[in-house]
Amino acid sequence: MSESPVKELRLALTSEDYVGALRFYRDVLGLPVLSSWERESGSGTILDAGRATLELLSPEQAEQIDKLEAGETGVSGPLRVALEVADSVELAERLTAAGAEQLAIPVVTPWSDRNVRLRTPEGIQLTLFTPLERES
3 MSESPVKELR LALTSEDYVG ALRFYRDVLG LPVLSSWERE SGSGTILDAG
53 RATLELLSPE QAEQIDKLEA GETGVSGPLR VALEVADSVE LAERLTAAGA
103 EQLAIPVVTP WSDRNVRLRT PEGIQLTLFT PLERES
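Letter 47 of the sequence shown, counting from 1, is numbered 49 in the working numbering, and no numbers are missing.
Shown next, in the form of structure tokens:
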């Protein structure tokens, strides 16, 4: 496989409640700060979210994942953020206490992950997943 010409995948999230979003992602989710700035023109923070990949799905596959994780199809739209974490259930509880909405009970996927689907305070569909071999 050849080396990718892309050096970083960066998702840029605009939030009406910047301070609340920073608290949610930095303090509750635990993403470390790489850099931040305060300017007359506005504020921003870049958080380290680990290794990034781009998962491309057909509409049928996206519907299957929505049905499995959220109990219905068509909820994630064209973008859903998925994060591999050490304990998806425990982190989902913390994020829910901080303002996220859990959309369904945790599920074990056919590909052997424990997934929890949430909606963030900004309305982003968020999947937390833990490979089952990690739980052993």
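A virtual CB, placed ideally from N, CA and C, is assigned to each residue, including glycine.
Checklist line | From E57, L70, A102, residue whose alpha carbon lies closest to that of P80 | finding: One-based indexing of the sequence shown puts residue 80 at position 78. Comparing Cα-Cα distances from P80 to each of E57, L70, A102, the minimum goes to E57.
Next item on the list: Using 10 angstroms around the beta-carbon of T16, count the other beta-carbons present and answer buried if the total reaches 16, otherwise exposed.
Entry: In the sequence shown, the residue the question calls residue 16 occupies position 14. Classification for T16: exposed.
Margin query: Please report the straight-line C-alpha distance between T98 and E124, rounded to a whole angstrom.
Written below: Taking the sequence shown and counting its residues from 1, the one referred to as residue 98 is at position 96. Taking the sequence shown and counting its residues from 1, the one referred to as residue 124 is at position 122. Inter-residue distance for T98 and E124 is about 13 Å (C-alpha atoms, whole angstroms).
Note to self: Can you tell me whether E62 is helix, strand or coil according to DSSP?
What the structure shows: Numbered from 1 along the sequence shown, position 60 holds the residue referred to as residue 62. In this structure, E62 counts as helix in the three-state DSSP scheme.
Notebook entry, point to check: How big is the Cα-Cα spacing for E65 and L130?
Noted result: Stepping through the sequence shown from its first residue, residue 65 is reached at position 63. Stepping through the sequence shown from its first residue, residue 130 is reached at position 128. When rounded, the distance between both Cα atoms is 17 Å.
Check: Which word fits V8, buried or exposed, when buried means at least 16 other C-beta atoms lie within 10 angstroms of its C-beta?
Finding: Translated into positions along the sequence shown, residue 8 becomes position 6. Here V8 is exposed, its C-beta having fewer than 16 other C-beta atoms within 10 Å.
Checklist line | Opening and closing residue of the alpha helix (DSSP H) in which T98 lies | finding: Sequence index remark: in the sequence shown, residue 98 carries index 96 (1-based). Looking at the DSSP string, the run of the alpha helix (DSSP H) that includes T98 is 90-99.
Item checked: Run of the beta strand (DSSP E) containing V83, from where it starts to where it stops -> In the sequence shown, counting from the first residue as 1, residue 83 sits at position 81. Per DSSP, V83 is one residue of the beta strand (DSSP E) stretching across 83-86.
Checklist line | Close beta carbons around V30, own chain, < 7 Å, minus the five adjacent residues each side | finding: One-based indexing of the sequence shown puts residue 30 at position 28. These residues qualify, in order along the chain: R96, L97, A100.
Next item on the list: Just tell me which of S37, L49, V91 has its CA closest to the CA of F26.
Entry: Walking along the sequence shown from the start, residue 26 turns up at place 24. Distances from the CA of F26 to each of S37, L49, V91 were compared; the closest alpha carbon is that of L49.
Check: In whole angstroms, what separates the C-alpha of P133 from that of E18?
Finding: Taking the first residue of the sequence shown as position 1, residue 133 is located at position 131. Taking the first residue of the sequence shown as position 1, residue 18 is located at position 16. One Cα belongs to P133, the other to E18, and the distance between them is close to 34 Å.
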